[in-house]
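Report on one structure; see the data block that follows.
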């Protein structure tokens, strides 16, 4: 039995509180959730028709966000995903950098571990720096979020910031209880599309 | 047939993209699709999205559909292999996925490294839930692409048009 390695980087944020705070007064923000803990975190913050819960397609969350952001240039799109999911689709950051969608913000909930599979260390636990990668892909803004004081700014950026923006949220890797939203992909899609493409009465 | 400027079938595909209102096209640069890619990049009404790997395009198409836009993917046969797990998104959520695949590793292929993937491209597409329609002759492109577009977008189906290496022409290795 080897314990999960201790993370050297600062990890002060608690994921559930962070995601809940980021989604306060979310208005008509569209949220794509990477599979696993990110989906549970968003569900725990409160079910919403504009939550696109993913239960598979690992590595695809950011690209779904791009397709959505291009299709809805007047709306805001946030991708909330884990470090493992982001790492599997790392090329998407280069692709998003080329397209420069101004309305897309990616928040990586980075605990440096694969939570679903037994808390094995991920590449971000070691040498991989997602902020540097996003900057290298041409994101106009990319930074690490390490404390609660920075959360309101990130929430503001999700609604008004000039994208593409990547926020590398350093969260602790304590396991959290699973909060399981609907799994039927067709139902998730239908509900999302009805909400996203309807005329919203203010 | 070797002269790209005399090949009209990519224009036929482009015309169908316009007819059905495609607004996003994801692609990995590909010689067989080069003329179509150029037409798309020249069109301000279509977002051209160059991908680092074809599986990114499956997510792109899903996002486009969720946002109310139609999208298509262009890829070479090798790219089909890159997409397999991401294709599960199409089945799990049920959205139209139109893919135009240029074949390598078959008729007149000189590079045998292309053959293993080329030989399984169509079966892989079928296993992943795609309807596949193969095109051998330039004269078939119009009818087949028309049918593929209509089936994909009228029926929320995954449809692949397999453009044979015979149609595309031999790759020229000397300049």
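Chains as they are written, first to last, in my numbering: chain A, 876 to 1077; chain B, -10 to 164. Glycine included, every Cβ here is placed at the ideal spot set by N, Cα and C.
Rounded separation between residue i and residue j - CA only
| i | j | result |
| --- | --- | --- |
| residue 956 of chain A | residue 125 of chain B | 43 Å |
| residue 911 of chain A | residue 936 of chain A | 12 Å |
| residue 878 of chain A | residue 1055 of chain A | The pLDDT assigned to residue 878 of chain A is 44, lower than 50, so where the model puts this residue is not dependable; a value taken from the coordinates is nonetheless given after this. Near 27 Å, if we compare the C-alpha coordinates of residue 1055 of chain A and residue 878 of chain A. |
| residue 1000 of chain A | residue 959 of chain A | 10 Å |
| residue 880 of chain A | residue 992 of chain A | The pLDDT assigned to residue 880 of chain A is 45, lower than 50, so where the model puts this residue is not dependable, and the model offers no usable value. |
| residue 894 of chain A | residue 12 of chain B | 33 Å |
| residue 1073 of chain A | residue 94 of chain B | 46 Å |
| residue 892 of chain A | residue 899 of chain A | 11 Å |
| residue 976 of chain A | residue 97 of chain B | 42 Å |
| residue 981 of chain A | residue 1040 of chain A | 6 Å |
| residue 1046 of chain A | residue 889 of chain A | 6 Å |
| residue 1022 of chain A | residue 916 of chain A | 18 Å |
| residue 963 of chain A | residue 989 of chain A | 12 Å |
| residue 118 of chain B | residue 147 of chain B | 7 Å |
| residue 86 of chain B | residue 46 of chain B | 10 Å |
| residue 940 of chain A | residue 1038 of chain A | 12 Å |
| residue 92 of chain B | residue 1058 of chain A | 36 Å |
| residue 908 of chain A | residue 6 of chain B | 30 Å |
| residue 979 of chain A | residue 921 of chain A | 21 Å |
| residue 952 of chain A | residue 924 of chain A | 14 Å |
| residue 41 of chain B | residue 967 of chain A | 7 Å |
| residue 1003 of chain A | residue 954 of chain A | 20 Å |
| residue 76 of chain B | residue 1018 of chain A | 32 Å |
| residue 137 of chain B | residue 949 of chain A | 31 Å |
| residue 1044 of chain A | residue 983 of chain A | 6 Å |
| residue 1050 of chain A | residue 887 of chain A | 14 Å |
| residue 69 of chain B | residue 149 of chain B | 10 Å |
| residue 88 of chain B | residue 63 of chain B | 6 Å |
| residue 945 of chain A | residue 1027 of chain A | 26 Å |
| residue 157 of chain B | residue 140 of chain B | 24 Å |
| residue 67 of chain B | residue 37 of chain B | 20 Å |
| residue 972 of chain A | residue 1042 of chain A | 14 Å |
| residue 154 of chain B | residue 132 of chain B | 18 Å |
| residue 901 of chain A | residue 996 of chain A | 32 Å |
Strand pairing of residue i, partner residues [DSSP]
| i | result |
| --- | --- |
| residue 11 of chain B | B:59 |
| residue 1017 of chain A | A:1041 |
| residue 980 of chain A | A:953, A:1040 |
| residue 64 of chain B | B:90 |
| residue 121 of chain B | B:149 |
| residue 37 of chain B | B:14 |
| residue 908 of chain A | A:928, A:955 |
| residue 996 of chain A | A:988 |
| residue 1046 of chain A | A:888 |
Burial state of residue i, where buried means 16 or more other Cβ atoms lie within 10 Å
| i | result |
| --- | --- |
| residue 99 of chain B | exposed |
| residue 128 of chain B | exposed |
| residue 919 of chain A | buried |
| residue 102 of chain B | exposed |
| residue 883 of chain A | The predicted position of residue 883 of chain A is uncertain, since its pLDDT is 47 and thus under 50; no value can be drawn from it. |
| residue 985 of chain A | buried |
| residue 947 of chain A | buried |
| residue 1069 of chain A | exposed |
| residue 1012 of chain A | buried |
| residue 111 of chain B | buried |
| residue 130 of chain B | buried |
| residue 903 of chain A | exposed |
| residue 1062 of chain A | exposed |
| residue 57 of chain B | exposed |
| residue 970 of chain A | buried |
| residue 90 of chain B | buried |
| residue 1005 of chain A | buried |
Anticipated Cβ contact below 8 Å, residue i with residue j, distance rounded
| i | j | result |
| --- | --- | --- |
| residue 43 of chain B | residue 71 of chain B | 5 Å |
| residue 79 of chain B | residue 122 of chain B | So it is not a contact: roughly 17 Å between Cβ atoms. |
| residue 914 of chain A | residue 929 of chain A | 6 Å |
| residue 48 of chain B | residue 938 of chain A | 3 Å |
| residue 134 of chain B | residue 1 of chain B | 7 Å |
| residue 51 of chain B | residue 14 of chain B | Actually they do not touch by this definition, with Cβ atoms about 14 Å apart. |
| residue 33 of chain B | residue 26 of chain B | Their Cβ separation, rounded to whole angstroms, is 15 Å, which puts residue 33 of chain B and residue 26 of chain B out of contact at 8 Å. |
| residue -4 of chain B | residue 24 of chain B | 7 Å |
| residue 142 of chain B | residue 59 of chain B | 6 Å |
| residue 853 of chain A | residue 55 of chain B | Nothing about residue 853 of chain A can be read from this structure; chain A reaches only from 876 to 1077. |
| residue 113 of chain B | residue 73 of chain B | 7 Å |
Residue i: CB within 7 Å of a non-hydrogen atom of the ligand ZN
| i | result |
| --- | --- |
| residue 125 of chain B | Absence of the ligand ZN from the depicted structure is noted, as is the absence of any ligand whatsoever, leaving it without description. |
Proximal chain D residues relative to residue i, where beta-carbon distance stays under 8 Å
| i | result |
| --- | --- |
| residue 13 of chain B | Chain labels in this structure do not include chain D; the protein chains are A and B. |
Residues from the segment 936 to 955 of chain A in contact with chain B, defined by Cβ distance under 9 Å: 936, 937, 938, 939, 940, 941, 942, 943, 944, 945, 946, 947, 950, 952
Residues of the segment 81 to 100 of chain B whose Cβ lies closer than 8 Å to any Cβ of chain A, in chain order: 81, 82, 83, 84
Where the segment 1060 to 1072 of chain A meets chain B: residues whose CB sits under 8 Å from a CB there: 1060, 1061, 1063, 1064, 1067, 1068, 1071, 1072
Members of the segment 31 to 61 of chain B that neighbour chain A once the beta carbon cut-off is set at 8 Å: 36, 38, 39, 40, 41, 42, 44, 45, 46, 47, 48, 49, 50, 51, 52, 53, 54, 55, 56, 57, 58, 60
Short-range partners of chain B found in the segment 968 to 1002 of chain A, where Cβ spacing is below 8 Å: 969, 970, 973, 974
Chain-ordered residues of the segment 66 to 78 of chain B with a beta carbon less than 8 Å from chain A: 74, 75, 77, 78
Residues of the segment 904 to 938 of chain A whose Cβ lies closer than 9 Å to any Cβ of chain B, in chain order: 905, 907, 927, 929, 930, 931, 932, 933, 934, 935, 936, 937, 938
Chain B contacts from the segment 1010 to 1027 of chain A (Cβ-Cβ distance under 7 Å): none
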